[in-house]
Structure formats: C-alpha cells, structure tokens
Amino acid sequence: MNAATAIAPESDVELVDSRFTVPGMRCAGCIAKIERGLGELPGVDAARVNFSAKRVAVRHDAQLDDEALVEALERLGFESQPVADNPLATDDKDAKLLLRALAVAGFGMMNIMLLSVSVWSGAGGVTREMFHWLSALIALPVVAYSGRPFVASAAMALRYGRTNMDVPISIGVLLATGMSFYETLTGGEHAYFDGAVMLLFFLLAGRALDATMRNRTRAGIGALLGRMGKSAAVLQDDGSTRRISADELFPGMVMLVAAGEALAADGEVIDGAGAIDNAMLTGESTPEPVMVGDTVHAGAVNLSAPLRIRITATKGDTALAEIARLMDEAGQSRSRYVRIADRASRLYAPAVHSLALLAFIGWMLAGAGWHQAMIIAISVLIITCPCAMGLAVPAAQVVASGALVKKGVLVKDGSALERLAEVDTVLFDKTGTLTLGEPRAEIGDLDAEARSVALGLAQNSRHPLSKGLVASLQAAGTAPAEVIGVHEESGQGLLGLWHGTPAALERAEAAGSGLATTLRIGDRREVIRFSDPLRADAGATVSALSALGLSSQILSGDRTQSVAPVARALGILGRGAVQPAEKLVALEALKRQGHLPLMVGDGLNDGPALAAAHASLAPASASDASQQAADAVFLGDRLGPVSLAVRVARETMRIVRQNFVFAIGYNILAVPLALAGMVTPMVAAIAMSLSSLVVVGNSLRLARAAR
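Taking my numbering, the leading residue of the sequence shown gets 144, the next gets one more, and so forth.
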C-alpha cells in the first residue's frame with residue numbers, strides 16, 4: 144500500500160509528526176530509498192529527508208508508533224533513533240566517530256606508506272617479507288576500526304536483502320586486505336595494505352568534511368535556540384516568584400523578566416514598559432520599545448525596566464523555534480539534479496558488482512590467473528565509488544543554504560535554489576513586501592517641541608497610527624516630553640497635560656484623503672499625515688534584479704491609486720485591485736508564455752500565488768500561510784535578500800553543474816583504466832577519494848557566495 148492509499152486526503156485519521164536521526168545516510172540514493180520506502184508503509188502520509196542534518200521527518204497515523212518506524216528504517220538498511228524532546232537538538236556523535244576513525248586511518252596510512260616506500264625502492268627477500276608483516280600488523284586493526292562505519296552500514300543493508308553504496312566499498316576494502324594478507328602469508332611480491340588503508344582514509348576525509356559542512360549549517364539553528372532563555376521567574380499566587388525551567392513553562396503563566404534577561408517564551412506584556420533587543424527575529428539591532436499589550440517573543444532580551452509577561456507559547460511553539468524548525472526541515476526535494484543523482488546512485492551497486500564480476504571473468508578467460516583477475520576486480524570496485532556523484536547536489540545546496548542563513552534568508556527546500564536560479568520574472572506584492580506594511584508619520588513640518596510632545600502622547604497608545612507615529616519619531620531621534628495624565632477617550636483620541644498646557648492627538652476632521660491625525664498643544668494645531676513607505680532598498684533591489692536579467696512588476700490586491708505611485712517610483716509596471724484568483728491567472732499566463740515567475744508576497748491572499756509560482760519568497764513579517772507556501776523566508780526590513788537569493792542560487796547551480804561534469808568525467812576516464820588492469824587498488828583508492836574531495840572542495844566555494 145502506498146502513502147496515497149494509506150491515508151486519503153479526506154480521511155479523518157489523526158496525523159502526527161515524528162523525527163528520527165539517521166546517521167547512515169551517505170548520498171542522494173539514500174534519500175530516495177528512505178523517502179520511497181517509508182512512503183509505501185501503511186499509515187505514513189509523507190516522509191521528508193533532511194540530508195544536511197541526517198534527519199527524517201515522518202507524518203503518519205497517530206496509531207503508528209516510533210518503534211514501527213524505526214523497524215521500517217532498519218528493513219531499509221538504516222539504523223535510526225527518535226530525535227530527543229528538543230526536535231532541533233544537534234548530535235555530533237557521528238562526526239566524532241568519523242574524526243576518530245579518520246585519525247586512526249591517517250596514522251596507519253602514514254606508517255604503512257613508509258614501509259611501502261622501502262619495498263617500492265627494491266627491498267627484497269627477508270626485508271620485504273618483514274615489511275609486509277609489519278604492514279599487516281598495522282593495517283588489520285586499522286581496517287577493523289576505521290572500516291566500521293562502512294562495514295556496519297553494508298551489513299545492515301545486506302541483512303534485509305538490500306544494497307547501498309557502502310556494500311561495494313566494504314567488499315573492495317576487505318578483498319584488498321584479504322588478498323594482501325594472503326600475499327604476506329605466501330611470501331608474495333606485492334601487498335596492498337597501503338591501498339586499503341588509503342581508501343579508508345580518503346573516504347573518511349570526504350565524509351568528515353561533509354559532516355563539518357552540515358554542522359556549520361546547523362550551527363545557525365543552535366545559535367537561534369541558544370538565544371532563548373533557559374528559565375523564567377514565574378509569579379506565584381502569593382506574589383512571590385519561582386524560577387522555573389523553560390521546559391516546564393506553559394501558556395497562562397506570568398513571568399517577571401528583569402533587565403538584561405532573555406525571554407524563555409512568547410507572551411504579551413501585561414505590566415511595565417521599556418525596550419527589547421529583537422535582532423534574532425527582525426535582523427535589526429535597534430532597540431524596540433514595548434509596553435502593555437505588546438507581543439514579545441522568546442529570545443528577545445529585555446534592555447531596560449522589568450516586564451510582566453503573560454505566556455502565550457512555549458518551547459517548540461515559539462516564533463523562534465518555528466523559524467529554527469523552518470531551517471531544520473529543509474528537505475532534499477526531487478529537483479532535476481537530485482533525480483539524476485538518485486537514478487545514478489540507485490543503479491550504482493548492481494552495475495559495479497556486475498562490472499567487477501565481468502572484469503574478473505574476462506581476465507580469467509584471458510589467462511591472467513585468479514590472482515591478477517581478483518586484483519583488477521578489486522580496483523574496479525574501489526575506483527567506481529559514486530561519492531562524487533552523490534555529493535554533487537547536496538554538498539552545494541548545504542553550503543549555499545548556510546551562506547544565505549547568515550544573511551537572513553532561510554531556504555526551506557534544497558530544490559528551491561534550483562528553481563530560484565531559473566526565474567526570469569519577479570512579481571511583487573505591494574503592502575508589506577515592497578512597503579513596510581505599517582503606517583509611518585510624515586514629521587518633516589513638525590518642530591522639535593511638537594515632535595517631543597507628540598511622542599509623549601503617542602507612546603501611551605496601541606492604535607496603529609500611534610505606533611506608526613512613535614516609530615517615525617524614534618527613528619528621527621526624538622526624546623519624549625513628560626506629558627502627564629495621558630488617557631484615551633473613545634472617539635476623541637489621546638489627551639494629557641504638558642507643563643500645564645492641554646495636549647492631544649485627535650482625529651483630523653479636515654485632513655482630506657489619506658490617514659492623518661491632529662496634534663493639539665493649547666491653541667496650536669498641526670496635521671500629521673501618514674503613509675506606508677517603501678522599504679529603504681526597494682529601488683536598489685529592483686535595479687539589482689534587472690542587472691541579473693530579471694524583469695519586475697507589481698501584482699497587488701491594493702487599490703490601483705495606491706499601487707501606481709509605487710510603480711512609478713520604482714520604474715516598473717504595476718497592477719492593482721488584483722484578486723487572489725486573478726494572481727493565479729496572471730502566473731499561469733506568464734508560464735504559458737515560457738516565463739518562470741518568482742513571486743514575492745506576504746499576505747494571506749498571496750498564499751496561493753506563492754505556491755503556484757516557479758519559486759517564491761516571503762518576508763518574516765508575512766502571514767503563517769504565506770511563510771508555509773514560500774520556498775524561502777527573509778528577515779529584516781530590507782528587500783535586498785530577494786536579489787541576493789537569486790544570485791546565490793545561480794552560483795549554486797553553476798557549482799552543481801561543475802560537480803556533475805567532474806563526477807561523470809572521472810568515471811569515464813577511470814573505469815576503462817581499471818578494466819584494462821592499469822590501476823592498482825592503491826591508485827584506485829587515491830583516485831576515487833580525491834574525486835569526492837574535489838566535489839566537496841568545489842562546493843565549499845559557495846560559502847563566500849552571499850558576501
């Protein structure tokens with residue numbers, strides 16, 4: 144039964160999410176095998192592999208427990224264990240094991256190579272035999288220890304009648320070691336302990352580099368979650384406080400957050416006023432004022448006065464954890480390049496086994512003898528390892544995603560980079576995307592005194608216009624005046640006393656069209672108008688996209704009268720009053736014309752368009768639905784990450800193509816040489832391992848792509 148028949152979309156089956164760590168994933172073939180195998184399991188709705196974190200996220204029937212899923216992964220040939228209660232915790236046990244095995248293999252390789260140099264230099268007789276025995280004494284424990292990651296993976300696969308890329312690797316290493324030991328026992332001229340150990344060293348080096356790249360990307364997740372407070376002082380019924388671990392907090396509790404303390408949960412300010420550092424969510428280091436009624440998030444740092452906050456979300460439900468989860472659940476999707484690697488890796492084991500067997504039979508028939516034929520078969524097994532092909536796509540995507548994370552762009556899906564690289568047209572929503580989506584006051588006509596009084600009044604209200612006025616005045620460096628007795632009267636506005644003079648922010652009766660308020664200080668009146676300003680770098684971003692060969696236009700549900708000025712300011716086409724269904728029609732029309740559109744939007748009504756576009760981005764301020772539909776989310780108030788994402792995506796695909804060309808070219812050259820008997824197991828080990836290191840090294844160049 145496949146996933147589609149196991150759980151119909153209209154069924155009432157309760158679905159839950161489970162996550163598992165699968166350290167044995169090595170290449171794109173593993174990704175395909177796991178997703179396909181779990182997807183066929185009754186009760187499983189979907190399985191998504193995160194190659195960078197070596198995790199599997201499974202959406203399944205609640206009656207299907209973790210034990211059954213672990214057993215299913217075992218039958219596929221992979222050891223696994225459920226991720227700890229913290230779904231984003233990182234476990235470097237596998238990386239440490241690889242590094243230890245690499246160190247042992249490196250020690251053994253250096254010593255065996257020193258002994259081999261003497262044999263290559265002409266040492267014979269008793270001296271050669273002694274060096275072979277010394278090499279054997281070093282190589283056997285090294286192969287036993289450093290070969291465990293490969294042999295264990297191969298044994299797990301074979302136990303359930305399956306194969307993976309570690310099977311031919313293990314066979315090659317064990318055959319080379321066995322043949323070398325046979326040569327040592329019989330006093331033969333050649334032994335290949337150096338080749339077997341060198342193969343292990345370079346394979347482990349490639350995998351250790353891969354683990355380093357994955358840890359570097361996941362470090363961004365750890366850094367985010369590290370900003371969350373570990374505990375909170377919770378108010379008790381008698382007015383006292385008790386320090387409680389963040390894991391034990393729950394909604395409804397009231398926590399007292401002291402100055403300098405990081406919030407351990409999301410919540411609403413119910414008492415106090417001050418400022419917080421919210422850089423981890425907004426990307427801006429400017430202190431953000433907060434007062435009663437404001438929503439604050441875990442990880443923000445209280446910069447000034449104590450705050451009392453009623454908790455609304457804890458642990459995995461916080462906004463910070465959601466962003467981190469967005470990063471961690473970036474699956475290795477079925478992009479064009481990943482599908483190529485899947486097919487290549489799926490065919491690899493039977494093809495290589497057949498090729499090695501044919502080489503052995505062919506050379507036996509040619510009269511080479513079983514010894515020489517076996518050496519050639521071993522060389523074929525070793526030299527054709529598809530590590531370079533398997534790493535061509537994920538290595539580049541992991542490094543590029545990590546580079547973008549540092550610039551505030553969270554790529555949800557590896558294939559999004561491929562699609563971002565292909566786009567040729569950009570469609571922008573207006574409000575909240577090209578603009579900030581919040582009213583800002585035009586304060587240029589106000590003198591210093593009026594600005595100060597206006598801020599003293601406005602900071603006491605949560606009205607959208609008051610918040611916009613506060614933001615504009617604070618950005619201009621205004622200090623609030625001491626206005627006393629401030630209160631809000633329904634239908635009137637904010638009223639108070641400044642140095643005994645009545646002051647108020649009132650509704651503007653004769654302001655004409657547009658949003659406005661009236662500042663009254665005694666008999667003096669000033670009309671303050673509001674607008675929704677463009678993001679500071681909107682024009683520069685449109686120009687950068689144009690330089691990349693992309694045309695831009697506005698597709699907005701706002702009134703045409705408000706869209707037209709923005710379009711003129713940016714020098715692009717603009718359409719207003721476009722309904723969600725009409726946005727889909729416009730996208731489909733562009734696709735029929737051969738275009739590949741990129742949609743950038745934030746509103747709930749942009750969700751369908753974001754999902755239908757060839758690629759899509761949403762700001763962090765977007766609705767939950769839009770963030771879920773988008774391929775990537777960017778932080779902060781700047782629009783520049785849109786052009787940056789396209790540029791990095793194009794560079795990533797260029798590196799991926801280079802990786803494929805190299806991997807294919809390597810096999811075209813190497814396999815005939817091995818079949819012709821021109822390559823020894825040691826040379827095969829060097830060639831295969833270096834091919835993987837070249838792909839990884841080429842991908843690491845993307846770490847600078849976002850600069």
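Virtual Cβ for every residue (Gly too), placed ideally from N, Cα, C. Nothing here was measured: the structure is a model prediction, and the numbers come from that model.
Between residue 245 and residue 344, the C-beta spacing is below 8 Å.
Secondary structure at residue 434: coil, using DSSP grouped into helix, strand and coil. Taking the CA atoms as reference points, residue 722 sits about 37 Å from residue 797. At a cut-off of 3 residues, the continuous stretches assigned as beta strand (DSSP E) that sit fully inside the region 562 to 595 are 568 to 571 and 583 to 585. A distance below 8 Å separates the beta carbons of residue 163 and residue 199.
In the assembly as shown, residue 332 is an exposed residue. Its beta-carbon has fewer than 16 other beta-carbons within 10 Å.
If the five residues before and after residue 680 are omitted, its C-beta is found closer than 8 Å to the C-beta atoms of 781, 782 and 783, all from its own chain and listed in chain order. DSSP places residue 678 outside both helix and strand once states are collapsed to three, so it counts as coil.
Between residue 789 and residue 672, the alpha-carbon positions lie close to 37 Å from each other.
Scanning its chain for C-beta atoms nearer than 6 Å, with the 5 sequence neighbours on each side dropped, one finds no residue around residue 273. Residue range 659 to 664 is occupied by the beta strand (DSSP E) that includes residue 660. Taking 8 Å as the cut-off, the beta carbon of residue 526 is found closer than this to the beta carbon of residue 817.
By the Cβ-count criterion, residue 821 is exposed, with fewer than 16 other Cβ atoms from all chains shown falling within 10 Å of its own Cβ. With a 10 Å radius around the Cβ and a threshold of 16 neighbouring Cβ atoms, residue 436 comes out exposed. For residue 513, the number of other beta carbons within 10 angstroms of its own is below 16, and it is reported as exposed. For residue 289, the secondary structure class from DSSP, reduced to helix, strand or coil, is helix. Boundaries of the alpha helix (DSSP H) harbouring residue 708: 703 to 713, taken from the DSSP string. Considering only 567, 182 and 247, the residue with the shortest C-alpha distance to residue 690 is 567. Counted as a single uninterrupted DSSP element, the stretch harbouring residue 731 is not any beta strand (DSSP E) but the alpha helix (DSSP H) occupying residues 723 to 735. If you ignore the 5 residues before and after residue 668, its C-beta comes within less than 6 Å of the C-beta of 661, all in its own chain and listed in chain order. Bridge pairing for residue 390: absent [DSSP]. Rounded to the nearest whole angstrom, the CA to CA distance from residue 451 to residue 249 is 57 Å.
Within the model, the alpha-carbon separation for residue 536 versus residue 799 is close to 6 Å.
Taking 8 Å as the cut-off, the beta carbon of residue 412 is found closer than this to the beta carbon of residue 434. For residue 201, the enclosing beta strand (DSSP E) starts and ends at 198 to 204. Secondary structure at residue 311: helix, using DSSP grouped into helix, strand and coil. The distance from the Cβ of residue 703 to that of residue 682 is about 21 Å, inconsistent with a contact at the 8 Å cut-off. C-alpha of residue 775 to C-alpha of residue 834: approximately 32 Å in a straight line. Of all C-beta pairs linking the region 610 to 619 to the region 579 to 586, three or more are shorter than 8 Å, placing the two stretches in contact. The residues 388, 389 and 407, in chain order, have a CB closer than 8 Å to that of residue 373 in the same chain once the five nearest residues on each side in sequence are set aside. Shown here for residue 168: same chain residues with a beta carbon closer than 8 Å to its own, the five before and five after excluded, namely 174, 177, 192, 194, 197 and 221 in chain order. Under the three-pair Cβ rule at 8 Å, the region 623 to 642 counts as touching the region 585 to 603. By the Cβ-count criterion, residue 592 is exposed, with fewer than 16 other Cβ atoms from all chains shown falling within 10 Å of its own Cβ. Straight across, the Cα-Cα distance linking residue 831 with residue 755 is about 42 Å. Between residue 553 and residue 454, the C-beta spacing is not below 8 Å. When secondary structure is reduced to three states using DSSP, residue 779 falls in the coil class, being assigned neither helix nor strand.
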